[in-house]
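Participant: For the sequence shown, position 213 matches number 213 in full-length UniProt numbering, and the numbering has no gaps at all. Just so it is clear, CB atoms sit at the ideal spot from N, CA and C, and this is done for glycine as well. Predicted model, so just to flag it, every value in this text is computed and none were measured. The structure is given below, and queries will be raised subsequently.
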Amino acid sequence: MKWLFSYLKKYPGLLILNLIGISGFILTELGLPKFLSYMVDNGILPHHKTVIMQCFIGMILCMVVGISLSILLEWVVAKISTTIVTKIRGDLYRKVTRLSLLETQKVGSASLITRLSNDPVQIFNFLRLLLNAGITAPLMFLLSMILIYQFSPQLSLAVLCALPFLIIGIVLLGKYSGPLSLKMQRYLDQMNSKIQEKLDGLQVIRSLNAQTIFTERFQNENTAYQQKATTLGIVMAIAYPAFNLLFNILLGVILLLGSHLIGTGAIEIGVLMVIIEYIFHALFSMILFCSMFMMYPRAKTSMDRIQEVLHLPEEENQGKEFQEKVTKIEVQDVGFAFPDQPEVPVLQNVSFTVEKGQKLALMGRVGSGKSTLLKELALLYPFTTGNYLWNGQSLEEYALSSLRKKVVYVPQESYLFSGTVKENLQDGNENATEEEMWHALSIAQADQFIQEKGLEGRVEEGGSNFSGGQRQRLAIARALLRKGDLYLFDDSFSALDATTEHQLQKALQEELSEAICVLASHRRSTIEQADQVILFVDGKMKEVGTPQELAQHSALYRSFISNKEEEIIDENMEVH
Numbered sequence: 001m002k003w004l005f006s007y008l009k010k011y012p013g014l015l016i017l018n019l020i021g022i023s024g025f026i027l028t029e030l031g032l033p034k035f036l037s038y039m040v041d042n043g044i045l046p047h048h049k050t051v052i053m054q055c056f057i058g059m060i061l062c063m064v065v066g067i068s069l070s071i072l073l074e075w076v077v078a079k080i081s082t083t084i085v086t087k088i089r090g091d092l093y094r095k096v097t098r099l100s101l102l103e104t105q106k107v108g109s110a111s112l113i114t115r116l117s118n119d120p121v122q123i124f125n126f127l128r129l130l131l132n133a134g135i136t137a138p139l140m141f142l143l144s145m146i147l148i149y150q151f152s153p154q155l156s157l158a159v160l161c162a163l164p165f166l167i168i169g170i171v172l173l174g175k176y177s178g179p180l181s182l183k184m185q186r187y188l189d190q191m192n193s194k195i196q197e198k199l200d201g202l203q204v205i206r207s208l209n210a211q212t213i214f215t216e217r218f219q220n221e222n223t224a225y226q227q228k229a230t231t232l233g234i235v236m237a238i239a240y241p242a243f244n245l246l247f248n249i250l251l252g253v254i255l256l257l258g259s260h261l262i263g264t265g266a267i268e269i270g271v272l273m274v275i276i277e278y279i280f281h282a283l284f285s286m287i288l289f290c291s292m293f294m295m296y297p298r299a300k301t302s303m304d305r306i307q308e309v310l311h312l313p314e315e316e317n318q319g320k321e322f323q324e325k326v327t328k329i330e331v332q333d334v335g336f337a338f339p340d341q342p343e344v345p346v347l348q349n350v351s352f353t354v355e356k357g358q359k360l361a362l363m364g365r366v367g368s369g370k371s372t373l374l375k376e377l378a379l380l381y382p383f384t385t386g387n388y389l390w391n392g393q394s395l396e397e398y399a400l401s402s403l404r405k406k407v408v409y410v411p412q413e414s415y416l417f418s419g420t421v422k423e424n425l426q427d428g429n430e431n432a433t434e435e436e437m438w439h440a441l442s443i444a445q446a447d448q449f450i451q452e453k454g455l456e457g458r459v460e461e462g463g464s465n466f467s468g469g470q471r472q473r474l475a476i477a478r479a480l481l482r483k484g485d486l487y488l489f490d491d492s493f494s495a496l497d498a499t500t501e502h503q504l505q506k507a508l509q510e511e512l513s514e515a516i517c518v519l520a521s522h523r524r525s526t527i528e529q530a531d532q533v534i535l536f537v538d539g540k541m542k543e544v545g546t547p548q549e550l551a552q553h554s555a556l557y558r559s560f561i562s563n564k565e566e567e568i569i570d571e572n573m574e575v576h
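Now the structure itself:
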């Protein structure tokens with residue numbers, strides 16, 4: 001709650017308006033029964049029409065003021081709630097963009113989506129109740145009890161006797177609904193993750209004709225979530241009838257005691273009517289307060305989940321600007337292991353040097369560490385051991401954002417964003433001219449299929465309206481617009497036919513003649529154009545040399561570039 005209040009205190013003006021609205025609303029709500037009591041005892045029973053009319057006009061004015069202040073209160077509550085939740089969602093999104101790739105993968109994309117979408121909604125719903133019932137209910141209850149005591153101390157004791165039952169109900173509700181809310185949010189994360197996985201693999205599911213199997217699996221996951229949601233719903237559903245039962249029992253007791261007091265002349269009929277009104281306000285305000293408590297466990301779970309991400313360490317981005325042109329990279333005895341499995345190294349004792357104008361090819365079986373190494377070279381993963389130097393300099397004293405400006409990385413999955421071709425290309429360089437875009441498209445061999453609809457041609461989510469080869473070429477064109485010094489291609493030509501790949505490689509050779517190029521591939525045609533080749537086996541450098549040297553002296557290299565091995569790797573290729 002302290003975290004939520006840190007957002008609330010940024011809007012003192014709106015909070016003051018909220019208090020004004022609440023105060024006016026309470027005064028008008030508690031003022032109306034007094035008019036009613038006076039009208040009954042001094043107007044209706046003695047048949048004084050003037051008193052009745054005066055009270056009626058007073059009640060109308062009181063209601064108009066009350067409605068006006070209620071509208072003000074609702075507007076202020078909505079304004080504060082939407083503003084704060086928008087700020088929370090914005091802070092969370094900015095935090096996610098500053099997390100390291102490892103931290104993002106640790107949380108999971110499905111969980112992050114839930115935390116960005118569903119969790120702020122839970123906070124919004126709770127915040128609306130907090131700003132309304134959270135302040136109104138205690139004040140309404142306290143003032144109602146004071147007024148009841150002023151009219152009849154005996155009847156106020158009857159109301160106080162009901163309080164322990166109300167408090168016990170609130171405590172039990174929090175005890176059972178809190179853990180259930182947390183479990184339900186976790187199930188929602190898991191279900192979202194499974195949905196995302198199945199949607200991403202929809203083509204594979206259809207090719208295997210396994211729709212029925214995966215539908216049954218999803219139904220099992222959906223049913224598990226339903227069971228938790230139903231249990232929580234039952235707990236919540238029991239609360240309202242229980243509170244209503246308590247109110248009705250109390251009302252019956254008040255009527256019995258009140259009729260006795262009227263008979264003895266201790267109170268008048270009008271007083272009993274106003275006391276019943278105040279009892280209704282007192283108990284209804286407590287029911288509203290209970291509603292806030294019922295919503296609090298889910299809201300707290302959502303707040304904790306959001307704070308968990310906000311407290312994650314960001315990538316270190318402090319340091320100097322790297323202003324030199326990168327003419328040489330050195331990797332010295334580096335290794336890598338994922339934080340959750342430090343005893344299982346993905347890379348071990350990797351060393352090499354690549355200079356300006358040179359091309360290094362990485363090859364090996366699936367899981368040999370090629371993609372992980374490229375992510376490290378792109379500064380997306382940190383090196384667990386060893387040194388990574390540019391122009392002979394350690395990178396530790398330089399800002400990551402400065403270093404990444406020098407790197408152009410094309411991952412295995414050529415993802416395109418929904419929008420236009422032009423907008424996707426501008427993601428590489430927002431200041432690129434159309435001439436530069438067409439030049440990049442020409443080098444990537446993408447200009448021919450783009451010319452039909454032009455740069456304003458539509459791109460669906462993920463580039464689903466383009467073939468795999470077209471997506472790869474557009475991703476390469478987008479990368480070329482960045483104009484870096486170090487180019488990293490992670491099997492970025494795998495979906496291209498031999499002719500297109502040859503033309504693309506030739507164009508890249510000319511375009512990147514002054515840059516450093518490192519690529520991972522399993523294609524013989526790509527590897528043979530490299531100046532140096534490193535063959536990886538289980539994260540270790542097994543063979544190093546030029547393509548010609550390895551073809552002549554390495555049987556392992558020859559087996560990797562054979563057609564049979566190429567087909568096997570093609571079938572099993574996956575992201576490391």
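Out of 406, 283, 153, point me to the one whose CA is closest to residue 164's CA.
Facilitator: Residue mapping note: residue 164 aligns to position 164 of the sequence shown, counting from 1. Comparing Cα-Cα distances from residue 164 to each of 406, 283, 153, the minimum goes to 283.
Participant: Quick check on the burial criterion: 16 or more other C-beta atoms within 10 angstroms. Buried or exposed for residue 410?
Facilitator: On the sequence shown, residue 410 is found 410 positions in, with the first residue counted as 1. Buried: at least 16 other Cβ atoms inside 10 Å.
Participant: Look up residue 495 in the DSSP assignment and give the residues it is bridged to.
Facilitator: Indexing the sequence shown from 1 puts residue 495 at position 495. Paired residue(s): none; residue 495 is not in a bridge.
Participant: I need the DSSP call for residue 159, collapsed to helix, strand or coil.
Facilitator: Residue mapping note: residue 159 aligns to position 159 of the sequence shown, counting from 1. In the structure shown, residue 159 sits in a helix (DSSP, three-state: H, G or I).
Participant: Any idea what DSSP makes of residue 490, helix, strand or coil?
Facilitator: Within the sequence shown, the letter at position 490 stands for residue 490. It is a strand residue.
Participant: Can you give me the C-alpha to C-alpha distance between residue 93 and residue 560, rounded to a whole angstrom?
Facilitator: Taking the sequence shown and counting its residues from 1, one reaches residue 93 at position 93. Taking the sequence shown and counting its residues from 1, one reaches residue 560 at position 560. Approximately 43 Å, taken between the alpha carbons.
Participant: Counting only the same chain and skipping the five closest in sequence on each side, list residues whose C-beta sits under 8 Å from that of residue 345.
Facilitator: As a position in the sequence shown, residue 345 is number 345, starting the count at 1. Excluding sequence neighbours, residue 345 sits near 335, 336, 337, 384, 539.
Participant: From residue 19 to residue 142, what does the alpha carbon distance come to, in whole angstroms?
Facilitator: Within the sequence shown, the letter at position 19 stands for residue 19. Within the sequence shown, the letter at position 142 stands for residue 142. So the two alpha carbons sit approximately 16 Å from each other.
Participant: Is the separation between the beta-carbon of residue 145 and that of residue 152 shorter than 8 Å?
Facilitator: By one-based count along the sequence shown, residue 145 stands at place 145. By one-based count along the sequence shown, residue 152 stands at place 152. Against a cut-off of 8 Å, the Cβ pair of residue 152 and residue 145 comes out as no contact.
Participant: What is the rounded straight-line gap between the Cα of residue 558 and the Cα of residue 85?
Facilitator: Along the sequence shown, one-based indexing puts residue 558 at 558. Along the sequence shown, one-based indexing puts residue 85 at 85. Roughly 59 Å between the two C-alpha positions.
Participant: Terminal residues of the continuous alpha helix (DSSP H) containing residue 327?
Facilitator: Here the question's residue 327 lines up with position 327 in the sequence shown. Per DSSP, residue 327 belongs to no alpha helix (DSSP H) and is neither H nor E.
Participant: Taking CB distances under 8 Å as the criterion, tell me whether residue 318 reaches chain C.
Facilitator: Although the question refers to chain C, the structure presented lacks it and comprises just one protein chain.
Participant: Are the beta-carbon atoms belonging to residue 375 and residue 486 less than 8 Å from one another?
Facilitator: As a first step, residue 375 is located in the sequence shown; it is residue number 375 there, counting from the start. As a first step, residue 486 is located in the sequence shown; it is residue number 486 there, counting from the start. In this structure, residue 486 does not lie closer than 8 Å to residue 375 by Cβ.
Participant: Let me know the beta strand (DSSP E) ranges lying completely inside the segment 346-424, each 3 residues or longer, listed in chain order.
Facilitator: Segments of the beta strand (DSSP E) lying fully in the segment 346-424: 347-355, 359-364, 385-390, 407-410.
Participant: Would you mind reading off the limits of the beta strand (DSSP E) that contains residue 537?
Facilitator: Here the question's residue 537 lines up with position 537 in the sequence shown. From DSSP, the beta strand (DSSP E) with residue 537 extends over 532-537.
Participant: Per DSSP, what kind of secondary structure is residue 563 in: helix, strand or coil?
Facilitator: To locate residue 563, count along the sequence shown from 1; it is residue 563. Because residue 563 sits at a pLDDT of 48, beneath the cut-off of 50, its placement in the model cannot be relied upon, and the following sentence gives the value as read from the coordinates. Helix, per DSSP.
Participant: What does a CB cutoff of less than 6 Å around residue 444 pick up in its chain, not counting 5 residues either side in sequence?
Facilitator: To locate residue 444, count along the sequence shown from 1; it is residue 444. The answer, listed in chain order, is 473, 476, 477.
Participant: Use the C-beta contact count for residue 304: other C-beta atoms within 10 angstroms, 16 or more gives buried, fewer gives exposed.
Facilitator: Reading the sequence shown from its first residue, position 304 is the one you call residue 304. Exposed, because fewer than 16 other Cβ atoms sit within 10 Å of the Cβ of residue 304.
Participant: Take residue 58 and list the residues in its own chain whose beta-carbon comes closer than 6 Å to its own, dropping the five residues that flank it on each side.
Facilitator: Taking the sequence shown and counting its residues from 1, one reaches residue 58 at position 58. 35.
Participant: I'd like to know if the segment 487-498 and the segment 358-375 are in contact, where contact means that at least 3 CB-CB pairs between them fall below 8 Å.
Facilitator: Short answer: they touch.
Participant: Report the option in 51, 296, 509 whose CA atom is closest to the CA atom of residue 4.
Facilitator: Position 4 of the sequence shown, counted from the first residue, corresponds to residue 4. Nearest C-alpha to residue 4: 296.
Participant: Please classify residue 6 as buried or exposed, where buried requires at least 16 other C-beta atoms within 10 Å of its C-beta.
Facilitator: Residue numbering aside, residue 6 sits at position 6 when the sequence shown is read from its first letter. That one is exposed.
Participant: Hey, could you find the ends of the alpha helix (DSSP H) residue 110 is sitting in?
Facilitator: As a working mapping, residue 110 is identified with position 110 in the sequence shown. 109-151 is the span of the alpha helix (DSSP H), which, as asked, contains residue 110.
Participant: Compute the Euclidean distance between the alpha carbons of residue 458 and residue 64, then round it to the nearest angstrom.
Facilitator: If you number the sequence shown from 1, residue 458 lands on position 458. If you number the sequence shown from 1, residue 64 lands on position 64. Those two C-alpha atoms are separated by around 54 Å.
Participant: Going by DSSP, what residue range makes up the alpha helix (DSSP H) through residue 95?
Facilitator: As a first step, residue 95 is located in the sequence shown; it is residue number 95 there, counting from the start. 49-98 is the extent of the alpha helix (DSSP H) around residue 95.
Participant: Is residue 89 buried or exposed, if buried means 16 or more other CB atoms sit within 10 Å of its CB?
Facilitator: Here residue 89 refers to the residue found at position 89 of the sequence shown. Result: buried.
Participant: For residue 506, which three-state DSSP category applies?
Facilitator: In the sequence shown, counting from the first residue as 1, residue 506 sits at position 506. Helix, per DSSP.
Participant: Quick one: what does DSSP say residue 458 is sitting in, helix, strand or coil?
Facilitator: Taking the sequence shown and counting its residues from 1, one reaches residue 458 at position 458. Three-state DSSP puts residue 458 in a strand.
Participant: Counting along the chain, where does the alpha helix (DSSP H) carrying residue 294 start and finish?
Facilitator: To locate residue 294, count along the sequence shown from 1; it is residue 294. From DSSP, the alpha helix (DSSP H) with residue 294 extends over 269-310.
Participant: Cα-Cα, which of 1, 103, 177 is closest to residue 339?
Facilitator: Residue 339 sits at position 339 when you count from the first residue of the sequence shown. Comparing Cα-Cα distances from residue 339 to each of 1, 103, 177, the minimum goes to 103.
Participant: My output table needs one value for residue 319: the three-state DSSP class, helix, strand or coil.
Facilitator: Reading the sequence shown from its first residue, position 319 is the one you call residue 319. DSSP places residue 319 in coil when its eight states are reduced to three.
Participant: Assuming residue 119 and residue 291 make a contact with CB atoms under 8 Å, what is their CB distance in whole Å?
Facilitator: Residue numbering aside, residue 119 sits at position 119 when the sequence shown is read from its first letter. Residue numbering aside, residue 291 sits at position 291 when the sequence shown is read from its first letter. That pair is no contact at about 20 Å.
Participant: For residue 524 and residue 81, what's the separation of their Cα atoms in angstroms?
Facilitator: Looking up residue 524 in the sequence shown gives position 524. Looking up residue 81 in the sequence shown gives position 81. If you take the alpha carbons of residue 524 and residue 81, they lie about 59 Å apart.
Participant: Taking its Cβ as the centre, do 16 or more other Cβ atoms sit within 10 Å of residue 326, making it buried, or is it exposed?
Facilitator: Residue mapping note: residue 326 aligns to position 326 of the sequence shown, counting from 1. With 16 or more Cβ atoms within 10 Å of its Cβ, residue 326 is classed as buried.
Participant: For residue 520, which residues does DSSP report across the bridge?
Facilitator: Position 520 of the sequence shown, counted from the start, is the residue given in the question as residue 520. In DSSP, residue 520 forms a bridge with 362, 490.
Participant: Measuring only the C-alpha atoms, how far is residue 17 from residue 179?
Facilitator: Here residue 17 refers to the residue found at position 17 of the sequence shown. Here residue 179 refers to the residue found at position 179 of the sequence shown. One C-alpha to the other measures close to 36 Å.
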